[in-house]
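In the working numbering, the protein residues as written are 2 to 191.
Think of the CB as a built atom: it goes at the ideal place given N, C-alpha and C, for glycine as much as any other residue.
Just so we're clear, the structure is a prediction, and the values are computed from it rather than from any experiment.
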């Protein structure tokens, strides 16, 4: 039960209220969330997180993959940007494991990633080139997103044996100009 409580706390933290804002086209399947303004139960949120179909990679790079593999792929598409000069130990710790890549051979203009001490990717952020924006519906099942507005969509993704991840897309008129995937918490077991 501690894992279930932890997952519940994490899922609830993703929203200040448990309903979705501005959702369109919700369906009433068991794993879908209720209509906008109606609270979603923990069971509904968990079912949606377990069953949602959503893009969880950027250019084939996934969270929890080896950072060396990500670097090798990104090196074929662009160049690593110089790291900003950080001052002090806090700034040094904050920038540890962070990289920014400027891309020339992709619909993404840049990708930022962060890795943990084990050399695993824990955070990805892709900036989509102007004119190449991706409709939210092409990224995933918006009816299972606990957050959906005209400018942002966020999904929780819970899979057995994998960390809980969050996928967030933002842009204008439900077209993503940036796409983020990150580890929320490593769970003992679902």
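In the structure shown, residue 53 adopts coil according to DSSP, grouped into three states. A straight line joining the alpha-carbon of residue 112 with that of residue 125 spans about 7 Å.
Relative to residue 178, the option among 50, 103, 109 and 45 whose CA is nearest is 109.
The beta carbon of residue 101 sits closer than 7 Å to the beta carbons of 82, 111 and 113 from its chain, once the five residues preceding and following it are set aside; these are given in chain order. The alpha-carbon of residue 79 is positioned some 42 Å away from that of residue 41. 57 is the residue among 106, 57 and 52 whose C-alpha sits nearest the C-alpha of residue 170.
DSSP places residue 142 outside both helix and strand once states are collapsed to three, so it counts as coil.
A direct Cα-to-Cα measurement between residue 180 and residue 127 gives close to 5 Å.
In terms of Cβ geometry, residue 134 and residue 176 form a close pair [threshold 8 Å]. Scanning its chain for C-beta atoms nearer than 7 Å, with the 5 sequence neighbours on each side dropped, one finds around residue 103 the residues 79, 80, 82 and 111, in chain order. Annotated three-state conformation of residue 72 is helix, per DSSP.
Beta-carbon to beta-carbon, residue 139 and residue 155 are separated by about 16 Å, too far to satisfy the 8 Å threshold. Only exposed fits residue 130, as fewer than 16 other CB atoms lie within 10 angstroms of its CB.
For residue 64 against residue 122, the beta-carbon gap comes to about 5 Å, under 8 Å, which counts as contact.
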